[in-house]
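If you're matching positions, the sequence shown starts at 26 in my numbering and goes up one per residue. Heads up: the structure comes next, in structure tokens.
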Amino acid sequence: QGDPSTGRLMGDILRNVVRWGTGRRALNAVKVGPSTVPLAGKTGTTNGYRNAAFAGFVPKFKSGGWAWPEGFTLVTYVGHDDNTPMRRRSIRLQGSNGALPVWIGTVDGLSDVGLLGQPTDGSIPELVVETGFQTVPVSIETGIPTEEAAVEDGPSVLVSGEERPTRRFSPVGMAT
Numbered sequence: 026q027g028d029p030s031t032g033r034l035m036g037d038i039l040r041n042v043v044r045w046g047t048g049r050r051a052l053n054a055v056k057v058g059p060s061t062v063p064l065a066g067k068t069g070t071t072n073g074y075r076n077a078a079f080a081g082f083v084p085k086f087k088s089g090g091w092a093w094p095e096g097f098t099l100v101t102y103v104g105h106d107d108n109t110p111m112r113r114r115s116i117r118l119q120g121s122n123g124a125l126p127v128w129i130g131t132v133d134g135l136s137d138v139g140l141l142g143q144p145t146d147g148s149i150p151e152l153v154v155e156t157g158f159q160t161v162p163v164s165i166e167t168g169i170p171t172e173e174a175a176v177e178d179g180p181s182v183l184v185s186g187e188e189r190p191t192r193r194f195s196p197v198g199m200a201t
């Protein structure tokens with residue numbers, strides 16, 4: 026068995042795909058009552074647009090907030106049985122516009138039948154930050170941790186431990 030903190034950190038990366046990347050269509054797509062479900066996942070498209078996928082996590086609301094452990098892992102995959110490309114004229118089916126809408130519809134179904142819990146009024150629309158982790162604001166241009174105070178809807182990364190990192194990674198093309 027691996028260290029569970031690795032999975033939680035990966036979950037934060039996938040949450041940022043939905044918050045800032047190719048999975049943005051899912052950002053505010055699913056609600057339980059007035060609360061938005063903080064979804065996470067990754068789009069995928071094969072070469073030649075032959076098939077597309079979206080794999081993601083759906084948390085469940087517990088008394089402490091939105092959490093992974095009792096949530097769902099869900100994957101959708103779209104493609105033709107004969108492996109022909111999913112394109113017609115200028116339209117190309119990708120993970121973000123082919124598989125993700127199907128995934129969102131399935132998550133809506135989980136919500137409709139009550140499998141995602143019942144958030145309380147004023148619940149925080151993000152995942153619970155467990156003990157031993159902290160959220161660190163990062164620059165939207167570089168992805169490097171900033172000294173500025175976190176903006177409520179600004180980019181951030183989850184890090185393990187109490188010590189604030191000065192630089193955990195380096196974007197492509199930047200010196201370390």
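Where is the CB? At the ideal position from N, CA and C, for every residue including glycine.
Runs of the beta strand (DSSP E) lying entirely within the stretch 54 to 78 and spanning at least 3 residues, in chain order: 65 to 70. In the DSSP annotation of this structure, the continuous segment of the beta strand (DSSP E) that includes residue 104 starts and ends at 90 to 104. Contact between residue 121 and residue 50 holds, since their C-beta atoms are separated by about 6 Å, short of 8 Å. The closest CA to that of residue 149, considering only 74, 118, 62 and 39, is found on 62.
Selection 67, 45, 54 and 57 evaluated against residue 35 yields 67 as nearest (Cα-Cα). Judged by beta-carbon spacing, residue 103 lies within the 9 Å limit of residue 111, meaning their Cβ atoms are closer than that value.
In the DSSP annotation of this structure, residue 163 is not part of any alpha helix (DSSP H), being labelled neither H nor E. Residue pairing from DSSP leaves residue 139 without any beta-bridge partner. A straight line joining the alpha-carbon of residue 98 with that of residue 82 spans about 5 Å.
As a beta-bridge residue in DSSP terms, residue 112 pairs with 117. Ranking 156, 73, 164 and 141 by CA distance to the CA of residue 87 puts 141 first. Residue 113 is classed as exposed because its beta carbon has fewer than 16 other beta carbons within 10 Å across all chains shown.
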